[in-house]
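The sequence shown finishes on residue 232 if you use my numbering, and the numbering steps up by one all the way, no holes.
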Amino acid sequence: FGYDVQGCDVFARTIYGARASILVGLLAAATTALLGSVLGTIGGYIGGTTDTLLSRLADIFFAIPLLLGGIIILYTWRTDLGAPFLLVVGKVVVALAILGWPNIYRLMRSSVLQTRPLEYVLAARALGATPWRVVTSHIVPNSLAPVIVVSTIDLGAYIATEATLSFLGIGLQPPTISWGVAISQASGIGFIRSAPHMLLFPSLFLSLTVLA
């Protein structure tokens with residue numbers, strides 16, 4: 021793949037950068053799915069005032085664009101130079117999860133509302149099952165399928181969002197290597213014309229991963 025302007029191997033940086041980019045996507049998708057599923061189950065099963073408050077809270081966060089909200093959070097909550105790798109990744113994951121959970125919440129809530137009146141749930145209640153057992157054994161397992169599907173789709177979006185935030189200089193920070201950081205460094209003045217391979221390979225792997 022050639023070398024960058026500092027003599028670093030572009031192939032090694034591209035392969036090593038996959039760790040941070042994919043880790044952010046996986047952790048953000050998992051955290052969002054967990055948070056949205058828990059709140060969606062609570063709102064859909066309990067209903068009433070609890071459901072109303074959670075739904076209005078979700079509407080507030082749902083109105084904030086993911087990228088713009090991520091820029092505001094990470095710009096306000098800056099990472100110090102030389103911070104540990106997991107701390108750098110964790111801040112980006114938390115920012116994406118805070119803004120991404122309403123989508124999963126709405127999906128899980130509607131799925132729980134559809135599952136709650138079904139016959140096997142009513143039968144479990146009639147047999148004396150506790151609310152905790154009804155939720156964990158009957159409602160949640162039969163409501164998770166749409167959440168899993170949407171979370172796998174969101175995974176690509178989170179990887180692309182991390183790359184965008186890192187490209188803008190407020191996501192993952194050097195010395196952490198990610199595709200977004202590599203693309204940002206390759207987009208310097210004159211680099212695109214004199215060393216296009218620096219931009220080509222991280223962008224290619226990022227695009228292929230998001231599409232996959």
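All C-beta atoms, glycine included, are put in the ideal place defined by N, C-alpha and C.
*If we count the other Cβ atoms within 10 Å of its Cβ and call it buried at 16 or more, is R129 buried or exposed?*
Residue mapping note: residue 129 aligns to position 109 of the sequence shown, counting from 1. It counts as buried.
*Straight-line gap, T229 to G176 (C-alpha atoms, nearest Å)*: Looking up residue 229 in the sequence shown gives position 209. Looking up residue 176 in the sequence shown gives position 156. Distance between the alpha carbons of T229 and G176: 7 Å.
*Just to confirm, are Y125 and L59 a CB contact at a threshold of 9 Å?*
By 1-based counting over the sequence shown, the position of residue 125 is 105. By 1-based counting over the sequence shown, the position of residue 59 is 39. In contact: Y125 and L59 (Cβ atoms closer than 9 Å).
*How is D24 classed by DSSP in three states: helix, strand or coil?*
Reading the sequence shown from its first residue, position 4 is the one you call residue 24. Of the three classes helix, strand and coil, the one that applies to D24 here is coil, per DSSP.
*I84 versus A32: straight-line alpha-carbon distance, rounded*: Here residue 84 refers to the residue found at position 64 of the sequence shown. Here residue 32 refers to the residue found at position 12 of the sequence shown. Taking the straight line joining both Cα atoms gives about 37 Å.
*Which of the three DSSP states, helix, strand or coil, is assigned to W100?*
By 1-based counting over the sequence shown, the position of residue 100 is 80. It is worth fixing the name first, because residue 100 is Asp in this sequence and not Trp. Coil, per DSSP.
*asked:* Can you give me the C-alpha to C-alpha distance between L147 and V160, rounded to a whole angstrom?
replied: The residue labelled residue 147 in the question sits at position 127 within the sequence shown. The residue labelled residue 160 in the question sits at position 140 within the sequence shown. Between L147 and V160, the C-alpha separation is close to 19 Å.
*Sequence-distant residues of its chain with Cβ nearer than 7 Å to A40 (five each side left out)*: Start at 1 with the first residue of the sequence shown, and residue 40 comes out as number 20. These residues qualify, in order along the chain: V109, L192, T196, I197, S198.
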